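Single-structure report; data block below.
Residue numbers (UniProt numbering): 1 to 446.
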């Protein structure tokens with residue numbers, strides 16, 4: 001209806017502004033990310049070890065359908081990953097049947113579905129409109145893991161064994177000391193997960209303050225795992241990630257390093273006994289006669305020789321590891337794995353599986369470095385975290401076996417997708433970070 005203005009003219013009625021649309025909370029996606037580190041139902045909640053890998057994959061698949069991951073073309077990283085997933089399934093079923101080995105369908109499905117679930121998460125995390133929600137969920141997830149590690153450290157071994165954490169959980173060092181294992185079956189896999197997810201979170205932080213808070217969240221449980229490979233991987237990943245970021249904003253790198261060094265020095269001065277175990281553990285890295293180091297060398301030699309001499313193309317069933325490698329490495333083969341993702345895949349899937357695995361890492365690195373170039377122009381921090389996570393996984397893979405964990409594979413692809421800028425999304429989500437959103441040097445000095 002027309003209205004009469006103060007000048008006597010008819011004017012159209014004012015159209016009321018529509019209320020601002022509330023930001024989507026992505027509840028299903030958040031729950032999916034929080035579920036990623038759980039490989040079993042905590043025994044405090046349900047007696048008896050119950051694996052939830054297939055259930056978590058089902059949740060990932062449902063989330064992927066909800067976010068339309070099927071409506072996109074396959075990129076090289078996804079194609080090679082799907083090829084590895086298919087080969088794993090064929091190796092553990094058809095080829096195993098031809099060899100006369102028993103088929104463990106649960107293990108076959110879990111092993112093949114891990115890369116497939118990773119691809120789904122990779123596609124979801126690529127969406128620009130969910131990146132902020134993904135980063136928040138990643139921070140909450142790592143905070144939850146830190147709380148679990150602190151609980152396990154405070155409760156002690158006797159209490160946990162009374163809850164049922166005994167057979168099947170590997171929480172001892174070579175010296176026999178206890179270390180928290182989080183929501184995983186062993187501290188080494190827990191450490192690998194923390195190194196990958198934690199380095200991504202720190203390097204994706206928009207401000208120095210956020211980076212330091214994220215570093216504290218990750219460093220506490222990572223230190224408690226006493227896993228040297230994860231420590232080295234995490235340190236190298238942060239170095240690479242923050243050196244790449246320093247090309248765009250060198251002052252933030254300088255302030256971050258200064259604050260981290262000051263914080264570490266303060267902790268050492270306040271509680272010197274808190275770092276004794278860490279220093280002692282780190283001192284064993286260069287000790288060639290240390291039992292853990294010697295075991296790895298013997299296992300690596302035995303795994304390579306047994307695989308290349310016996311079945312170099314397709315490898316062997318997992319249950320033959322102890323007998324085949326044990327003939328060459330002795331009692332160290334009782335661990336049941338090669339203490340290296342590269343050599344474990346060589347033994348299980350031969351040169352074909354290892355080649356596909358290495359191709360995945362190379363393709364992912366090329367894509368992440370390409371995204372870093374874009375990040376330098378836009379100011380978005382995502383790509384730095386993807387490079388850091390990839391470095392952490394590649395380094396940890398040289399010393400530990402974590403590819404068999406659905407959680408580690410899933411979170412790796414998740415942060416790679418989070419760091420990717422190749423997907424379409426809303427214009428608002430693609431906006432670069434404002435300069436005033438970053439802390440100034442004056443603010444940090446004050």
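No residue lacks a Cβ here, since even glycine has one placed at the ideal position from N, Cα and C.
As the structure is a computational prediction, the values presented were derived from the model and not from experiment.
Identity of the residues DSSP links to residue i by a beta bridge
| i | result |
| --- | --- |
| residue 172 | 178 |
| residue 40 | 51 |
From the options, residue whose alpha carbon lies closest to that of residue i
| i | options | result |
| --- | --- | --- |
| residue 198 | 378, 223 and 176 | 223 |
| residue 362 | 49, 60 and 393 | 393 |
| residue 387 | 410, 238 and 293 | 238 |
| residue 331 | 294, 110 and 70 | 294 |
| residue 101 | 420, 414, 315 and 371 | 315 |
| residue 245 | 172, 382 and 139 | 382 |
| residue 305 | 351, 421 and 130 | 351 |
| residue 26 | 165, 206, 345 and 137 | 137 |
| residue 76 | 94, 123 and 95 | 123 |
| residue 107 | 97, 93 and 119 | 93 |
| residue 121 | 67, 158 and 165 | 67 |
| residue 139 | 89, 178 and 204 | 204 |
| residue 327 | 371, 111, 301 and 317 | 301 |
| residue 169 | 313, 410 and 51 | 51 |
| residue 410 | 31, 41, 60 and 49 | 60 |
| residue 165 | 152, 176 and 177 | 152 |
| residue 63 | 78, 341, 31 and 378 | 31 |
Residues near residue i in its chain [Cβ-Cβ closer than 7 Å; skip 5 each side]
| i | result |
| --- | --- |
| residue 163 | 43 and 44 |
| residue 192 | 230, 396, 400, 402 and 408 |
| residue 359 | 80 |
| residue 412 | 118, 196, 389 and 393 |
| residue 53 | 39, 110 and 406 |
| residue 148 | 182 and 183 |
| residue 173 | 179 and 226 |
For residue i, three-class secondary structure by DSSP
| i | result |
| --- | --- |
| residue 165 | coil |
| residue 340 | coil |
| residue 402 | coil |
| residue 51 | strand |
| residue 151 | helix |
| residue 301 | helix |
| residue 374 | helix |
| residue 126 | helix |
| residue 316 | coil |
| residue 425 | Because residue 425 carries a pLDDT of 40, less than 50, the predicted location of this residue cannot be relied on, and no value is offered for it. |
| residue 240 | helix |
| residue 117 | helix |
| residue 103 | coil |
| residue 204 | coil |
| residue 68 | coil |
| residue 73 | coil |
| residue 211 | helix |
| residue 296 | helix |
| residue 331 | helix |
| residue 353 | helix |
| residue 235 | helix |
| residue 225 | coil |
Residues near residue i in its chain [Cβ-Cβ closer than 8 Å; skip 5 each side]
| i | result |
| --- | --- |
| residue 141 | 33, 34, 36, 37 and 197 |
| residue 236 | 391, 392 and 395 |
| residue 99 | 317 |
| residue 461 | Outside the shown range of the chain, which is 1 to 446, sits residue 461, and nothing can be said about it. |
Test item: CB-CB of residue i and residue j under 7 Å
| i | j | result |
| --- | --- | --- |
| residue 39 | residue 184 | yes |
| residue 303 | residue 365 | no |
| residue 84 | residue 115 | yes |
| residue 146 | residue 134 | no |
| residue 241 | residue 384 | yes |
| residue 415 | residue 200 | yes |
| residue 195 | residue 233 | yes |
| residue 419 | residue 380 | no |
| residue 346 | residue 404 | no |
| residue 96 | residue 312 | no |
| residue 143 | residue 65 | no |
| residue 225 | residue 179 | yes |
Close Cβ partners of residue i (< 6 Å) along its chain, the five nearest in sequence each way excluded
| i | result |
| --- | --- |
| residue 299 | 329, 332, 338 and 339 |
| residue 57 | 113 and 117 |
| residue 21 | In this prediction, residue 21 scores a pLDDT of 42, lower than 50, which makes its location untrustworthy; the coordinate-derived value is nonetheless stated afterwards. Contacts found: none. |
| residue 227 | 187, 188 and 191 |
| residue 154 | none |
Residue i Cβ short of 6 Å to the ligand SAM heavy atom set
| i | result |
| --- | --- |
| residue 86 | With respect to the ligand SAM, the structure offers nothing, as it holds no ligand at all. |
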